[in-house]
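Position 51 (the sequence shown) corresponds to 88 in our numbering; numbering is contiguous.
By construction, the Cβ of each residue, glycine as well, lies at the ideal position given by its N, Cα and C atoms.
From a predicted model like this one, the values you see are computed outputs, not experimental measurements.
Let me begin by presenting the structure, written as structure tokens, before commenting on it.
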Amino acid sequence: MKVVILCGGKGTRLREETEYRPKPMVEIGGRPLLWHIMKIYGAHGFKEFVLALGYKGEVIKDYFVHYCAHTSDLTVELATGRVTHGNTTAENWLVHLIQTGRETMTGGRLHRLAGLLRPEGTFMLTYGDGVADIDINDLLAFHRGHGRLATVTAVRPPARFGGITIEQDRVGEFKEKPQTGEGWINGGFFVMEPGVFDYLHGDHTVLEEDPLENLARDGELMAYGHRRFWHCMDTVRDRDALEAMWLSGQAPWKIWD
């Protein structure tokens, strides 16, 4: 099953870091936050990723093109330029790096991936700036148990994000950044069926607006309540908090060995 990660945003609230690289490439503990997110999925057996690139996507491409070399011992034959890798610690992942447009919105990026994702059925989707100690396999089991088109992971941090009204696990209403609400927000970590593409319409589609609102209206969006750790890297303060957790050896999202 493919895992889609939205990596194309400009991260304007983290301008100190994102002027020269996309937000998912901001480092926590010497590794891009994107790597941390992929490790969460990898720890649950998911090894195929589709990275929806946009702003400074070449930085992400360069990172993965040279990933094996950076995680291996190298032997170089100077006369021929031949390089042999040894003692590699690279993960056994398959990574698709897809340019989905510099100005494309979140739903538009997913819409551009329809040809790659539709034929294989169920897929995962998340943002390139949030980590959690989430049980991905339990999330998938929940999704398969209800039979609707989409599942969103609902979490409970500060109320500056998109709010969700939950009625017996079904999302009764989805609103982006409401002023008030019951405290559940969109934490990413979606599971979706190909029918979701019928709710997407071109590059300017914002996933968190009409598509999710309409899925909720049609009873096709369910909420998986995650009550443990979740953290989004939206500001420098968020980055510093995640870095402090990692350096302390108490990063709750590090669920891998």
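Annotation note: the region 61 to 147 contains the following uninterrupted beta strand (DSSP E) runs of length 3 or greater, listed N- to C-terminal: 85 to 90, 110 to 114, 119 to 123 and 131 to 136. DSSP places Ala187 inside the beta strand (DSSP E), whose first and last residues are Ala187 to Val192. Secondary-structure assignment with DSSP links Ile42 through a beta bridge to Leu88 and Thr163. Sixteen is the threshold: when 16 or more other Cβ atoms of the shown chains lie within 10 Å of the Cβ of His268, as they do, the residue is buried. Collapsing the DSSP output to three states places Trp267 in a strand. Per DSSP, Phe179 is one residue of the alpha helix (DSSP H) stretching across Ile173 to His183. DSSP places Arg58 in the coil class of the three-state scheme, outside both helix and strand.
In the three-state reduction of the DSSP assignment, Val243 falls in the coil class. Straight-line measurement puts the Cα of Tyr236 at about 41 Å from the Cα of Ala106.
Within the model, the alpha-carbon separation for Thr141 versus Trp293 is close to 33 Å. Membership of Gly262 in the beta strand (DSSP E) is indicated by the continuous run Leu258 to Gly262. For Met229, the beta-bridge partners assigned by DSSP are Phe160 and Ala187. Ala288 sits in coil when the DSSP states are folded into three classes, being neither helix nor strand.
A Cβ-Cβ contact shorter than 8 Å links Ile42 with Thr163. Beyond the five residues adjoining it in sequence on each side, Pro289 comes within less than 6 Å, by CB distance, of Asp170 and Phe266 in the same chain, given in chain order.
In the DSSP assignment, Leu154 falls within the unbroken alpha helix (DSSP H) covering Ala151 to Leu154. For His81, the CB contacts under 6 Å within the same chain, skipping 5 residues up- and downstream, are Ile173 and Asn174 in chain order. Approximately 5 Å separates the beta-carbon atoms of Leu88 and Leu134; this is inside 8 Å, confirming the contact.
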